[in-house]
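All letters in the sequence shown, in the order written, are residues 22 to 88 by the numbering used here.
Glycine is no exception: its CB is placed at the ideal position from the N, C-alpha and C atoms.
Since this is a predicted model, take the numbers as computed values, not measurements.
Only one structure is covered here, and it is reproduced in the block below.
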Amino acid sequence: MWIDFKHLKKADKKYLPHAFRVILVSINLLWLSIAGFIHAIFPFVLIDTVSDGVKKISGQMEKFTKL
């Protein structure tokens with residue numbers, strides 16, 4: 022669903038902590054996308070950075086959503 026005005030209520034989250042968490046995840050994803058482009062051009066650098074980063078974010082998201 023693109024728009025859900027009850028998202029925070031359903032997730033039992035407050036606005037600022039939710040916004041802060043989403044901003045941090047977005048910054049991490051931005052870094053990982055840049056690392057992916059660099060790795061695409063120079064495959065001998067940042068070899069496991071993207072896959073390890075995605076796994077780490079996935080684990081954090083699972084833990085965060087269970088709170």
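Item, Value
"Can you tell me which of the three DSSP states LEU67 falls into?", "coil"
"Using the Cβ count rule (16 or more neighbours within 10 Å means buried), how would you classify LEU51?", "exposed"
"If I follow the unbroken alpha helix (DSSP H) through PHE41, where does it start and stop?", "36-62"
"Which word fits LEU37, buried or exposed, when buried means at least 16 other C-beta atoms lie within 10 angstroms of its C-beta?", "exposed"
"Do VAL71 and ALA56 come within 8 Å of each other at the CB atom, strictly closer than that value?", "yes"
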